[in-house]
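All remarks here apply to the structure that follows.
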Amino acid sequence: MKDLISVVVTCYNHENYIEQCLRSIFAQTYKNIELLILDDGSTDKSAHIIQETLVDSPFPTQFERHENMGVVYTRNKALQQIKGDFFLFVDSDNYLDQDYIEKLYKTLQEKQADIAYTNLFDPEKNSYYLQARDFELVSFLASNYIDNCSLIRRTAATETEYDVNLNHQKLEDYDFFLNLIINKHAKAVYEPNLKLNYRVFEENSISKRNSIRYHYEIYLQILKKYVDKLPHEIYQALGENIFSLEKRLDNLIQHMEGVTDYVHELKADLDSAKSETQQFKVQLRDVKKQRDAAIKEQFYIRRSVSYRLGNAIITPLKYMGQIIRDPRKIKGILSQIKHQIIRIKRKIKSPKTYYYQLLRNSQRKQIAHVSGKNVLVYVVFESEERLQQYKILFLKKLAVLADEALIVVNGDLAAEDVKTLEQYGQVLVRDNVGYDTAAFREGILALGKAKLQQCSRLMLVNDTNIGPTRDFTEVFQVMTKKELDFWGISYGETQEDITGFNKYGYIPEHLQSYFLVIEPLLLHSNAFYDYWEQLTDTDSRDEAIGKHETIFTKYFADLGYRYDALVHENRDSAMYIHPLRMLEAGCPLIKYTALRNYDDQQFLWQGLERESEIPDLLDYIQEKTDYPISILENIVQKFKAIPRDQYILIIDGVENIIPQCTRYRVLNKAEQLRENGFAVKVANASEFKLSQAQYASHIIIYRAPWSIQLQLLCDLAKSENKPVYFDIDDLVFDTIYTDQLSYTQGLSEKDKGNYDAGVRNYGKMLASCDGAITSTNQLKEELLHYQNSVLLNRNLASSELMEVSSHFIKDYNQQSKKVKIGYFSGSISHNENFELIKSAVKELLEKYPFVELHIVGHLDIPTDMKPYEQRIIVHDYVDWKTLPQLISQVDINLAPLVDSIFNRAKSEIKWMEAALVKVPTVASHIGAFADMVTDGQTGLLAKDNEWKEKLENLILSAELRQKLAENAYHFVLKNCSLDNKDEMVTYFEKN
């Protein structure tokens, strides 16, 4: 067998190209491939397209999605996971010719090399973007002609990663290959008779190359790594390359003659000794400074009115050109323009804000030497019986900086703890409403505007902080030097409004409200107190965040007040996910809930792939601070020991799109389990979060297609011995069954392909689970071919259905001359099930003029039934709560099914619903009807040739109709209610 090649696709917002990229890999002539796709937090439809496309992957395939962290971290993540003898990175906007991997592999093996590379071809322009060349070190030091999509021998890259310092910058692949070639002595070979289909964009993308080779700052930064090892080669490369580099900087050309002369003089010096290499480094820095000066000049040019005007003209023309070449791009371009306009609009300050900033600058000078008290408002909420030690310790350290403290307690607190708090200030106990926001408001209003305007500083702090891990005095000194009007410890990220209450329509960058310091200028303003007076109705978490925490910063910044945070790191919810990183960046505290993430597993249940920093954080605290480590260890142990109320989680994949399915298989099941003593939670698949399943004892997934998230759920549940069962009530998990349907046989090739993809995804989800739950014996029998454990859970009548039906029970004391036959399963035209009984119904309508046929739906009468049109009554579709009344108005309920493996798996709902209003049913003698209905006792079962006979007996005998109806009614009440203990309930009780 040929060597295994790991192909890694990295994707970020390439919904227009990712499918072509993946399918070009599927088509490779080289077949021993493992495929890894990493989506770097795409915000478009890339992830959805990937999942749909991977159904067709011929290779072992893994797809992972993580929050955006940049291409360097994404590629390093891939290097930790690949298993192949060789590997190849493919950017998601590029695509491969079908022999691409085969040819690179052959070339690499024949030349006994470690890296095989080729040319870059621009498919949009139908021309080469870059024709590579045979490898030679000096030429490669001068310019990068090895693309990231090159085949690499894995042993040549052992313990090698991309440089994280180049993340979100450029030339990260160039640096990677230099590292392999210079430090790992990897041999690179060129394959000229091949090309990579390589898209070139103006906008950002993973593979953008515009101006990368000319990005002098990064280029010199990379070469600097190797100047000690290769001083002569690097000099030679710079000599070849320096003019082309400087041409990119319009105003620097005039400086280059002197620089070039000096570089030539430097060559003689470099030949003498290593000490002279240092002079060369100095010269490189001088070149960089000159380059920086030119860039600065260009920066001012680009900010000029003329440049912006020209750009405003050129950019739309550029977009128009792209649309003309490929009209399909218009949607993507319009989306780009829309989001760009939104981003720009959000950053633009109004003229009024500029005016306010000038005004505040003047006011700030006037109160520069104001003196007064430092006041602290400290908010406490204690969920435990006694006040936790970390809160007292934090308050003790913070109170030293305050001349006066008001401690606002949300909710009840033990009298002894109130006395403890009174050592540090006045205590105000209030009802626990409105979250911390309302508590801060009450504290500010209690202190009063008149008093606070005489103070020099107000600290608003809550009790979710652990620390301090550094001296608060140092923190305040640092922030005081910045001459701010208000400040905090950390920022919250800009994002869309997830609360529904933010008046700006999005969440702007904001200071997080757990620690805010108000300095004199803002503290003395009337606007500050007006803000708090008007702030009401924060009784939900979303309201507290949307109306205050994410508003406060922008509101006062727009009024010209200056703000900042102590620590600027705010990516990836750093305070909660990266507490150690924040401490190392200077943060003086740890958020209490950050300790909840005490191991990697806790992140996985949040749908995050992160490494817990808590173990290292505890070591850091013990070794580098004097904070009592026992306090942190006790909190971690509390999180580990929290008792969890277990429950059964049901995930609804139908989500009421087919109301009957959700009602019988999700809501009724939940009610049945509750009736039998289980706690149950229900979640829609589209809204499901892994955290909802973290403390579930059992998980049921109803009719949801396979997805990455649900696969992760199954993997996590298996690691913690939580059984996951797939609930399915139709044979729609394998095309061997669905291919027998007349519906699917009539589909177009495209529609049939889409339908089959859905079926295969159900099957894939079934295979990922530990077992299955189903509604009929026939389904159970088929499912046992796919799962070892299959539990029977028949469709049962809910207490609400029984209650509604009880109001419409048929009164057999009131007889009518008419006999009404009801068919409540859809149109009677082009319906194979009705076709089964149509001839019998026609004969009976012909023979008995007092017989009527009642149907639900639109009037679409077959031609051969037109003579009976006056006796075919059509009812509109009705809600399930109205259906019992409609059924009760007929005398006979019809439930015909063509005998097929698919129909034999159907359930007996039609019979059960009619029985609850005492209407007898004639049903096909197959499947669940044959299992549940006793012929001649609780209904009539008809074989295909028996329908006329069975129906005629019921039409002519009101006594028989009443007998069957009464028997069926009592049977259903006894055996088909939700307090019934079936296989599923019994299993859950034992397991």
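Going by full-length UniProt numbering, the sequence shown opens with residue 1, and the numbers climb by one from there.
Idealized CB from N, CA, C, for every residue including glycine.
Indicate the three-state DSSP secondary structure (helix, strand or coil) for residue i in the structure shown.
i: H524; result: coil
i: I18; result: helix
i: A293; result: Reliability fails at A293, whose pLDDT of 49 lies under 50, so the model's placement of it is uncertain and no value is given.
i: K681; result: strand
i: R441; result: helix
i: L583; result: helix
i: N980; result: coil
i: Y555; result: helix
i: T986; result: helix
i: W605; result: coil
i: S383; result: coil
i: D572; result: coil
i: W880; result: coil
i: H854; result: strand
i: S816; result: coil
i: S691; result: helix
i: N432; result: coil
i: Q889; result: coil
i: E781; result: helix
i: T494; result: coil
i: F515; result: strand
i: T158; result: coil
i: N991; result: coil
Among all the DSSP beta bridges, which residues are the ones paired with residue i?
i: D91; result: T10
i: F86; result: I5 and R153
i: K229; result: DSSP output for K229 lists no bridge partner at all.
i: V375; result: E404 and L458
i: D645; result: None; D645 has no bridge partner.
i: S924; result: A942
i: N465; result: K591
Go to residue i, then tell me how far its alpha helix (DSSP H) extends in each direction, as first and last residue.
i: Q131; result: Segment: none, Q131 is in no alpha helix (DSSP H) and carries neither H nor E.
i: L79; result: V71 to Q81
i: R364; result: P351 to Q366
i: I821; result: Run containing I821: none in the alpha helix (DSSP H); it sits in the beta strand (DSSP E), V819 to Y823.
i: A757; result: E749 to S768
i: V478; result: F472 to T480
i: N975; result: A958 to N975
Could you give the residue range of the beta strand (DSSP E) that holds residue i?
i: A188; result: A188 to N197
i: H578; result: Run containing H578: none; DSSP gives neither H nor E here.
i: W487; result: F486 to G488
i: R65; result: T61 to H66
Verify whether the separation of the beta carbon atoms of residue i and residue j is less than 7 Å.
i: Y390; j: T464; result: no
i: N94; j: N197; result: yes
i: S924; j: N795; result: no
i: Y695; j: T538; result: no
i: L36; j: Q20; result: no
i: K554; j: P468; result: no
i: L649; j: Y563; result: no
i: Y755; j: F733; result: no
i: K170; j: I101; result: no
Classify residue i: buried if its beta carbon has 16 or more other beta carbons within 10 angstroms, exposed otherwise.
i: G746; result: exposed
i: S719; result: exposed
i: H785; result: exposed
i: Y877; result: exposed
i: P579; result: buried
i: N119; result: buried
i: V972; result: buried
i: F850; result: exposed
i: V9; result: buried
i: P351; result: exposed
i: L406; result: buried
i: H168; result: exposed
i: Y128; result: exposed
i: V7; result: buried
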